[in-house]
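For reference, the structure is listed below as structure tokens.
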Amino acid sequence: MLEGEYQYVSYCGRHYCALCSYHKGTIVEAANTLLTFVERTGSLKLMAEAYETCDYHEFTKGLKWIASQTEPCKGCRFGGGWSWWKDCPPRDCCIRKGVDFCYQCDCFPCKNLQKGTLPEARKSIIDTNRQIEKVGLAKWLLTLKEKYRT
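If you read the sequence shown in numbering that gives the first Met the number 0, its first letter stands for residue 0, the second for the next number, and so on.
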């Protein structure tokens, strides 16, 4: 079992909660702010209709959905993820096999990385796991934090 800040790195290695806008709640806050502005001013609706810049209804529908997420993501090691993210094949597999990361499994990379995962995300997961295995979790996390200056 990972401890400290390491427990905020997802099983697949693709997410680090300390950098995540969903975990910190900032994405919900931003969606609420933008939604309030858009609904009060009406200017985006006018521009969208006059210049066909976007589908205003779909845009506000997306904002409302994000804004409705009242509880920040807890992180995948704590059963987190929002409604769309409750079932995660890589997480379930790691828990079942008793490993902290996908790369620690003899079957890596496996079909669990293909279930519900976009091809670019799959590649990122595989690359990230190989990097963590190569340099170690501490160094990988330090590099990630330096990259995003947290």
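C-beta atoms are modelled at their ideal positions from N, C-alpha and C, and glycine is treated no differently.
In three-state DSSP terms, what is residue i?
i: Val-8; result: strand
i: Leu-112; result: helix
i: Leu-141; result: helix
i: Arg-148; result: coil
i: Glu-38; result: helix
i: Gly-24; result: coil
i: Thr-32; result: helix
i: Cys-101; result: helix
i: Phe-77; result: helix
How about residue i and residue j: do their beta carbons lie closer than 8 Å?
i: Leu-34; j: Leu-62; result: yes
i: Ile-124; j: Cys-101; result: yes
i: Tyr-5; j: Leu-136; result: yes
Which residues in the same chain as residue i place their Cβ atom closer than 6 Å to its Cβ, once the five residues preceding and following it in sequence are excluded?
i: Val-37; result: Leu-43
i: Asn-111; result: Pro-88, Pro-89 and Cys-92
i: Gly-24; result: Pro-71
What is the residue span of the alpha helix (DSSP H) that residue i lies within?
i: His-14; result: Counting along the chain, His-14 falls outside any alpha helix (DSSP H), and DSSP gives it neither H nor E.
i: Tyr-50; result: 42-50
i: Thr-130; result: According to the sequence as given, residue 130 is Gln; it is not Thr. Its alpha helix (DSSP H) spans residues 118-134.
i: Glu-57; result: 55-66
i: Asp-91; result: 88-96
Which whole-angstrom value is the C-beta distance of residue i and residue j, which I expect to be below 8 Å?
i: Thr-142; j: Gly-12; result: Not a contact, Cβ separation roughly 13 Å.
i: Met-46; j: Thr-52; result: 6 Å
i: Val-98; j: Ala-66; result: Actually they do not touch by this definition, with Cβ atoms about 36 Å apart.
Please confirm whether residue i has its beta-carbon closer than 8 Å to some beta-carbon of chain C.
i: Pro-88; result: Annotation note: the requested chain C is absent from the structure, which comprises a single protein chain.
Using a Cβ-Cβ cutoff of less than 8 Å, which residues in the same chain neighbour residue i once the five nearest sequence positions on both sides are dropped?
i: Arg-129; result: Tyr-102
i: Thr-69; result: Val-27
Who are the near neighbours of residue i in its chain, counting only those whose CB is closer than 7 Å to its CB and skipping five residues on each side?
i: Tyr-7; result: Tyr-15, Cys-16, Ala-17 and Gly-74
i: Trp-139; result: Gln-130 and Ile-131
i: Arg-121; result: Leu-112 and Gln-113
i: Phe-107; result: Cys-101 and Asn-128
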